[in-house]
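Asker: Sequences listed follow chains H and Z, in order. If you're matching positions, the first sequence starts at 226 in our numbering and goes up one per residue. If you're matching positions, the second sequence starts at 206 in our numbering and goes up one per residue.
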Amino acid sequence: MSYEGPFLRLRQISKTFAAEPGKASSTHVIDSVSMDIEAGEFVVFLGPSGCGKTTLMRIVGGLEVPTDGETLLAGQKITGPDRRKGMVFQAYTSFPWLTVIENIRFGTKYRNDISNAEKQQVADYYLELVGLTDFANYYVNRISGGMRQRVAIARTLAANPEILLMDEPFGALDAQTREFLQSQLLEINTTERKTTIFVTHDVEEAVVLADRIFMFSARPATIIDEIVVSKHISGERNIATKETEPFFHLRNHVRDLMRAEATRTQELTEHQIMHSG
Amino acid sequence: MLISQNFIEDIWISVARVWAAFLLSAVMAIPIGIWMSSYRIVGMLTEPIVDFIRYLPVPALVPLLIIWFGIGESSKIAVLWMGTFFQLVLLIGDDTKRVPPEFVETGFTLGAKPRQITWHIAYRSMLPNIVDNLRITLGWCWTYIIIAEIVAANAGIGHAIWAARRFVKTPEVMAGILTVGIIGLVTDQVIRLAHRRYFRYL
């Protein structure tokens, strides 16, 4: 498959949710966002909670239709969800009626590019990659939240998507588990080199994981800054990167940007309240 | 009386009628209930009708069903079906609405087609609830079969009870009632046991 231009291209994406019963007006969540993402890149969408970054990622996944603009994956317009765009959600989506290995195996269920024997090999490979070999035959509600997210990641990778979309996958986990999964994701990323979009509002998480960070404003989301992390932090990334000087500097810089945006929105909201009252 | 050949036959006839109607109801209500909840437009069109029929008192429909279906087996099946199908459709519909939307979206991003999502994910996810609802519905079947057999039948537990009443054979009436209770209790326990074994992950 040959195509012109970048691997993933977002062209002037806007999204407005129509008014629903009980909600007075429609909601403008994304305002004309454009970006290009290269194959193999790990991109983080960083922004305040509820800013529309998740919606933007869902548009890439084909789960949401933009009001305006278009998304091209390998030169092809994205019209709906399919196996090319794998997704890991914040909510636990591993199926409770299946064991760990059966869940991962489910990721290969709708692949017709490999034989059944190969499907089992793929499942076993990802089971080991996320370090759950000892729990292969456990039902997923017998294991911890962090493990369930590892199952979900392994299942998504087993489907062999062209792009991996992760919507605050560690958002519901405690700090220690979160850090452990970040380090594991860095390891997985080193071996898999899968094009990834990772959504978070955690600055530290964004800086340690990303090749590139897109910072979004509060609703409606627009890109307020683009940070090429690899320009600031060189070399192979792992969890120890968090203890280095360049990491501190960049993290503080990004945190300041986030604070400035939060202050701006806060003032804007107060202004609106004062003038509407 | 309990060991009398006639009464054993009556039991078998009632059990057969209950299960035939129950299975018919279930086989129809499961796909239709899922279908109604999966598409908003289908649900909006059918729910008022289902809700209306659901509130019709089944005993009041018995004369009508006898006129339409005669006094053979089909009218008994029809009574039980009327009493359970519409209730079951709504229960299954509610179960479908409770399937986590992320499960469905996960299915799409793993490459499943809508039909595969329905049967491999949504149906499987709600199966424990479906079995619970079926268990409750099966209980209603026993209420309706007695009514149907009292009104028009030459056999069955309901008929036996009614025939015994004519000669004021109170013990036989009691035996009939107890038999229904025991059958209900045993089936219920068997289904619960199967539920626990088959849905071990719950």
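Where is the CB? At the ideal position from N, CA and C, for every residue including glycine.
I'd like to know whether the C-beta of Phe212/Z is nearer than 7 Å to at least one C-beta of chain H.
Answerer: Working through the second sequence from its first residue, we reach residue 212/Z at position 7. Chain H contact via Cβ: absent.
Asker: Measure the C-alpha to C-alpha separation of Met206/Z and Glu377/Z and round it to an integer number of angstroms.
Answerer: For the purposes of this step, residue 206/Z is taken as residue 1 along the second sequence, with counting starting at 1. For the purposes of this step, residue 377/Z is taken as residue 172 along the second sequence, with counting starting at 1. For Met206/Z, the predicted structure reports a pLDDT of 48, less than 50, and the residue's modelled location is therefore unreliable. A value from the coordinates is still provided. If I take the Cα positions, the gap works out to 7 Å.
Asker: Cα-Cα, which of Tyr335/H, Leu389/H, Glu327/H is closest to Tyr364/H?
Answerer: Start at 1 with the first residue of the first sequence, and residue 364/H comes out as number 139. Of the candidates Tyr335/H, Leu389/H, Glu327/H, Glu327/H places its Cα closest to the Cα of Tyr364/H.
Asker: Is it buried or exposed for Arg480/H, if we count other Cβ within 10 angstroms and need 16 for buried?
Answerer: Counting from one through the first sequence, the residue named residue 480/H turns up at place 255. Exposed, since its Cβ has fewer than 16 Cβ neighbours within 10 Å.
Asker: List the residues of chain Z that Asp307/H touches, going by C-beta distances under 8 Å, in chain order.
Answerer: Here residue 307/H corresponds to residue number 82 of the first sequence, with the count starting at 1. Those are Phe313, Thr314, Gly316, listed as they occur along chain Z.
Asker: For my contact list, Ala357/Z and Leu293/Z are in at a C-beta cut-off of 8 Å; report their separation, rounded to the angstrom.
Answerer: Reading the second sequence from its first residue, position 152 is the one you call residue 357/Z. Reading the second sequence from its first residue, position 88 is the one you call residue 293/Z. Ala357/Z to Leu293/Z, Cβ: 25 Å. No contact.
Asker: Which residues bound the beta strand (DSSP E) around Thr466/H?
Answerer: The residue you call residue 466/H lines up with position 241 of the first sequence. Where Thr466/H is concerned, there is no enclosing beta strand (DSSP E), given that its DSSP letter is neither H nor E.
Asker: So is Ala397/H in contact with chain Z if we call contact Cβ pairs under 7 Å?
Answerer: Locating residue 397/H in the first sequence gives position 172, where the first residue counts as 1. No, Ala397/H lies away from the interface with chain Z (no Cβ there is under 7 Å from its Cβ).
Asker: Show which residues of chain Z have a CB atom less than 9 Å away from the CB atom of Leu288/H.
Answerer: Your numbering for residue 288/H matches position 63 in the first sequence. Below the 9 Å Cβ cutoff, chain Z contributes Glu310, Phe313, Thr314 as neighbours of Leu288/H, in chain order.
Asker: Roughly how many angstroms lie between the CA atoms of Leu475/H and Arg444/H, to the nearest whole one?
Answerer: Translated into the one-based positions of the first sequence, residue 475/H becomes position 250. Translated into the one-based positions of the first sequence, residue 444/H becomes position 219. Taking the straight line joining both Cα atoms gives about 25 Å.
Asker: Whole angstroms are fine: how far does the CA of Val424/H sit from the CA of Met282/H?
Answerer: Taking the first sequence and counting its residues from 1, one reaches residue 282/H at position 57. Taking the first sequence and counting its residues from 1, one reaches residue 424/H at position 199. Approximately 8 Å, taken between the alpha carbons.
Asker: Please classify Ile272/Z as buried or exposed, where buried requires at least 16 other C-beta atoms within 10 Å of its C-beta.
Answerer: Numbered from its first residue, the second sequence carries residue 272/Z at position 67. The residue in question, Ile272/Z, is exposed, as its Cβ has fewer than 16 Cβ neighbours within 10 Å.
Asker: Can you pull the chain Z neighbours of Tyr364/H, defined as C-beta to C-beta under 8 Å?
Answerer: Taking the first residue of the first sequence as 1, we reach residue 364/H at position 139. What Tyr364/H touches in chain Z: Arg405, Tyr406.
Asker: What does the alpha-carbon distance come out to for the pair Glu354/Z and Leu398/Z?
Answerer: As a working mapping, residue 354/Z is identified with position 149 in the second sequence. As a working mapping, residue 398/Z is identified with position 193 in the second sequence. Cα-Cα distance, rounded: 30 Å.
Asker: Compute the beta-carbon to beta-carbon distance between Asp436/H and Phe267/H, rounded to the nearest angstrom, for a pair I have assumed lies under 8 Å.
Answerer: Taking the first residue of the first sequence as position 1, residue 436/H is located at position 211. Taking the first residue of the first sequence as position 1, residue 267/H is located at position 42. Right, the Cβ-Cβ distance comes to about 5 Å (below 8 Å), so this counts as a contact.
Asker: For Ile339/H, count neighbouring Cβ atoms within 10 angstroms of its own Cβ and tell me buried if that reaches 16, exposed if not.
Answerer: On the first sequence, position 114 is the one that residue 339/H refers to. Looking at its Cβ environment, which holds fewer than 16 other Cβ atoms inside 10 Å, Ile339/H is exposed.
Asker: Start and end of the alpha helix (DSSP H) containing Gln315/H?
Answerer: Here the question's residue 315/H lines up with position 90 in the first sequence. Under the DSSP assignment, Gln315/H falls outside any alpha helix (DSSP H); it carries neither an H nor an E label.
Asker: Are Asn337/H and Leu411/H closer than 7 Å when you measure CB to CB?
Answerer: What you label residue 337/H is simply residue 112 of the first sequence in a count that begins at 1. What you label residue 411/H is simply residue 186 of the first sequence in a count that begins at 1. Contact: no.
Asker: Confirm, please, whether the CB-CB distance from Thr420/H to Ala264/H is below 7 Å.
Answerer: Looking up residue 264/H in the first sequence gives position 39. Looking up residue 420/H in the first sequence gives position 195. A contact, by the Cβ cut-off of 7 Å.
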